[in-house]
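A.B. asks:
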Amino acid sequence: MEKLPPLTALAAFDAFHRSGSVAGAARLLGRTHGAVSKQLHQLQDTAGVTLFRKNGLHLELTRPGLKFAQSVTRNMDDLRRAYTELRGPTDDKSVKLAISSTFAKQWAIPTIARFNNDHPEIEVMIRIVGPQGSRSLEDSVDLVLSWDRLLSSDIEHPDARSLGDVHMGVVLSADYPHRAEKTELRLQTIIHRRGNEAAWPKWSHLTGIRIAYDREITFDLLPLVFEAAERGMGAAIAPKFLIENELKTGRLIAPYNFHVFKDGLIVRPSSERPRLGAHAKIFFDWLVENAQLSADGFIDAKADSMPVAPSLLW
Numbered sequence: 000m001e002k003l004p005p006l007t008a009l010a011a012f013d014a015f016h017r018s019g020s021v022a023g024a025a026r027l028l029g030r031t032h033g034a035v036s037k038q039l040h041q042l043q044d045t046a047g048v049t050l051f052r053k054n055g056l057h058l059e060l061t062r063p064g065l066k067f068a069q070s071v072t073r074n075m076d077d078l079r080r081a082y083t084e085l086r087g088p089t090d091d092k093s094v095k096l097a098i099s100s101t102f103a104k105q106w107a108i109p110t111i112a113r114f115n116n117d118h119p120e121i122e123v124m125i126r127i128v129g130p131q132g133s134r135s136l137e138d139s140v141d142l143v144l145s146w147d148r149l150l151s152s153d154i155e156h157p158d159a160r161s162l163g164d165v166h167m168g169v170v171l172s173a174d175y176p177h178r179a180e181k182t183e184l185r186l187q188t189i190i191h192r193r194g195n196e197a198a199w200p201k202w203s204h205l206t207g208i209r210i211a212y213d214r215e216i217t218f219d220l221l222p223l224v225f226e227a228a229e230r231g232m233g234a235a236i237a238p239k240f241l242i243e244n245e246l247k248t249g250r251l252i253a254p255y256n257f258h259v260f261k262d263g264l265i266v267r268p269s270s271e272r273p274r275l276g277a278h279a280k281i282f283f284d285w286l287v288e289n290a291q292l293s294a295d296g297f298i299d300a301k302a303d304s305m306p307v308a309p310s311l312l313w
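Numbering (numbering that gives the first Met the number 0), first residue to last: 0 to 313.
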């Protein structure tokens, strides 16, 4: 039987792939930077293949390293899912939800506050999803919400339910120099969210609008991308419901109509807990009934409710 590397080294490698850095992997695993770095070097030495290379101050995967990391991550997910299925649904009254930080602030917090009014006995806990889907690995989540169909166009899932259409478009400040022609948008700078650089060519392909630009800049987080666009640093691609205030107040404008991804906002059971517990099922059904986006792609305004802050897991 072929010998495998230590499981701890594979776990460190998996966390590095998910987070994109040694520091991020250390946070995910709750270990020191030095301990994770040692395990990564141990894995590389054992394999006898260069898995990493330096890019400035950052460490990144080589092509063989990325291929192996993708396989490790898939198998680690399968292992976590199998173990969760082995244990079965828990009686925990909390429901754990995986979403991005921007999505949490703009959509999830107000939505969960309304849910708390209807079901005060159920605590909804948010796990923040970072770049490449990274999040803490010591505990699984019940539900996953996703909206970025330019990043992941495949929304097929046997138990996924739609919470509305996602409207995606190019946005920029009203006074940012640009020329919007019928089939071409000319501007100086486009702004990327790191890890989602493919969004611009995908949007261009879907809409038939050619993007002509001179330079590009990249930020790690969506809030920084939106802030940079609002301050006239360039143009960004954004969903309507995450920049609702900016659009309605004119701080951001959209030179073209938004491309609509039908049923693009989805909620689904996580791969780690495909069988929902009783409380997760209540929250899941409540979202489908009460948390749909409006037909124009904005957050559907509901009656004011007393906010009840959910717990945040970091």
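Cβ atoms here follow ideal geometry from the backbone N, Cα and C, with glycine treated the same way.
Have a look at SER135 and PRO176 and give me their C-alpha separation to the nearest angstrom.
C.D. replies: Bear in mind that the predicted position of SER135 carries a pLDDT of just 45, short of 50, making it too unreliable to give a figure here.
A.B. asks: Kindly indicate which three-state DSSP category ALA235 falls into: helix, strand or coil?
C.D. replies: It is a strand residue.
A.B. asks: Just to confirm my understanding: we take ALA253, look at its own chain, exclude 5 residues before and 5 after, and list those with CB closer than 6 angstroms. What are they?
C.D. replies: So the qualifying residues of the chain are GLY168, VAL170.
A.B. asks: Which runs of the beta strand (DSSP E) fall wholly inside the region 221 to 274 and span at least 3 residues, in chain order?
C.D. replies: If we require 3 residues or more, the beta strand (DSSP E) runs fully inside the region 221 to 274 come out as 235 to 238, 258 to 260, 265 to 268.
A.B. asks: Could you tell me the distance, in whole angstroms, from the CA atom of HIS16 to the CA atom of ARG62?
C.D. replies: Their backbone Cα atoms lie some 13 angstroms apart in a straight line.
A.B. asks: Under 8 angstroms by Cβ, that's how I've got HIS166 and PRO238 pegged, so tell me the actual separation to the nearest angstrom.
C.D. replies: Correct: roughly 6 angstroms between the Cβ atoms.
A.B. asks: By the DSSP assignment, the alpha helix (DSSP H) with ASN116 in it spans what residues?
C.D. replies: Where ASN116 is concerned, the enclosing alpha helix (DSSP H) stretches over 108 to 117.
A.B. asks: Give me the Cα-Cα distance between GLU137 and LEU78, rounded to the nearest whole angstrom.
C.D. replies: Because the pLDDT of GLU137 is 43, which lies under 50, any placement of that residue in the model is unreliable, and the number read from its coordinates should be weighed accordingly. Each residue's alpha carbon lies about 13 angstroms from the other.
A.B. asks: The beta strand (DSSP E) with THR96 in it runs from where to where?
C.D. replies: The amino acid occupying residue 96 in the given sequence is Leu; Thr does not appear at that position. Counting along the chain, the beta strand (DSSP E) containing LEU96 begins and ends at 93 to 99.
A.B. asks: For the alpha helix (DSSP H) containing LYS37, name the first residue and the last one.
C.D. replies: Here the alpha helix (DSSP H) through LYS37 covers 32 to 46.
A.B. asks: Quick one: what does DSSP say ASN289 is sitting in, helix, strand or coil?
C.D. replies: DSSP places ASN289 in helix when its eight states are reduced to three.
A.B. asks: Can you round the beta-carbon distance between PRO4 and THR45 to whole angstroms, since I take them to be within the 8 angstroms contact cut?
C.D. replies: The Cβ separation is near 5 angstroms, so the contact holds.
A.B. asks: Does the beta-carbon of HIS32 have 16 or more other beta-carbons within 10 angstroms, so that it is buried, or is it exposed?
C.D. replies: HIS32 is exposed by the Cβ-count criterion.
A.B. asks: Could you spell out where the alpha helix (DSSP H) holding LEU15 opens and where it closes?
C.D. replies: The sequence given here has Phe at residue 15, not Leu. Where PHE15 is concerned, the enclosing alpha helix (DSSP H) stretches over 6 to 18.
A.B. asks: Over what stretch of residues does the alpha helix (DSSP H) that includes HIS204 continue unbroken?
C.D. replies: 198 to 206 is the extent of the alpha helix (DSSP H) around HIS204.
A.B. asks: Give the DSSP-derived three-state secondary structure of MET2 in the structure shown.
C.D. replies: According to the sequence as given, residue 2 is Lys; it is not Met. Note: LYS2 maps to coil in three-state DSSP.
A.B. asks: Sorted by chain position, which residues of the same chain lie with C-beta nearer than 8 angstroms to HIS57's C-beta, five sequence neighbours on each side aside?
C.D. replies: Taken in chain order, the residues that qualify are SER20.
A.B. asks: Answer yes or no: do GLY163 and GLN291 have a C-beta to C-beta separation smaller than 8 angstroms?
C.D. replies: Cβ distance < 8 angstroms, so GLY163 and GLN291 count as in contact.
A.B. asks: Measure the Cβ-Cβ separation of VAL128 and ALA107 and say whether it is below 8 angstroms.
C.D. replies: Their beta carbons are not under 8 angstroms apart, which means VAL128 does not touch ALA107 by this criterion.
A.B. asks: Give the range of the alpha helix (DSSP H) segment to which ARG209 is assigned.
C.D. replies: No alpha helix (DSSP H) holds ARG209; the beta strand (DSSP E) holding it covers 209 to 211.
A.B. asks: Report buried or exposed for PHE67, applying the criterion of at least 16 other Cβ atoms within 10 angstroms of its Cβ.
C.D. replies: Result: buried.
A.B. asks: Are the CB atoms of GLN43 and THR7 within a distance shorter than 8 angstroms?
C.D. replies: Cβ distance not < 8 angstroms, so THR7 and GLN43 don't count as in contact.
A.B. asks: Measure how close the beta-carbons of TRP202 and ILE236 come, nearest whole angstrom, since I'm counting them as under 8 angstroms.
C.D. replies: 6 angstroms between Cβ atoms; contact.
A.B. asks: Would you mind stating whether PHE218 and ARG185 have Cβ atoms separated by less than 8 angstroms?
C.D. replies: Taking 8 angstroms as the Cβ cut-off, PHE218 and ARG185 do not qualify as a contacting pair.
A.B. asks: Taking the beta carbon of GLN69 as the centre, do at least 16 other beta carbons fall within 10 Å, making it buried, or is it exposed?
C.D. replies: So GLN69 ends up on the exposed side.
A.B. asks: Distance check for ILE298 and ARG250, CA to CA, integer angstroms please.
C.D. replies: Their Cα atoms are separated by approximately 18 angstroms.
A.B. asks: Look up PHE297 in the DSSP assignment and say whether it is helix, strand or coil.
C.D. replies: PHE297: coil per DSSP, three-state reduction.
A.B. asks: Does DSSP put SER304 in a helix, a strand or coil?
C.D. replies: Because SER304 carries a pLDDT of 41, less than 50, the predicted location of this residue cannot be relied on, and no value is offered for it.
A.B. asks: Return yes when the Cβ of LEU150 is within less than 8 angstroms of the Cβ of VAL266, no when it is not.
C.D. replies: Not a contact, by the Cβ cut-off of 8 angstroms.
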